[in-house]
Amino acid sequence: MLGWALLFFIFAIAAGIFGFIGIASALAGIAKVLFVVFIVLFIASLIFGRKRV
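Just so we're aligned: the sequence shown equals residues 840 to 892 in this note's numbering.
Here it is as structure tokens:
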């Protein structure tokens, strides 16, 4: 999941450099969503992984 977020972040940076404003904002939005999902899943796995007996 983090790999997808990083991939879209790199695409957004590349699109921004080349001046594709619409594409850059769309890719940056996807990267932000994927990054937030990754962080939420990471925190959930930390919380629920600690409850082993």
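Ideal placement from N, C-alpha and C gives every residue a C-beta, glycine not left out. The structure displayed is predicted, hence computed values, not measured ones.
Exercise for the section: Check whether the Cβ atoms of Phe-848 and Ile-869 lie closer than 7 Å to each other. Expected result: Taking 7 Å as the Cβ cut-off, Phe-848 and Ile-869 do not qualify as a contacting pair.
Problem - Cβ pair Ala-865, Gly-855 closer than 7 Å - result: No, the Cβ-Cβ distance between Ala-865 and Gly-855 is not below 7 Å.
Problem - Beta-carbon separation (whole angstroms), Phe-877 vs Ala-844, contact threshold 8 Å - result: Between Ala-844 and Phe-877 the Cβ distance is about 6 Å, and since that is below 8 Å, they are a contact.
Exercise for the section: Determine the extent of the alpha helix (DSSP H) in which Gly-858 is found, giving its start and end residues. Expected result: No alpha helix (DSSP H) contains Gly-858, which DSSP labels as neither H nor E.
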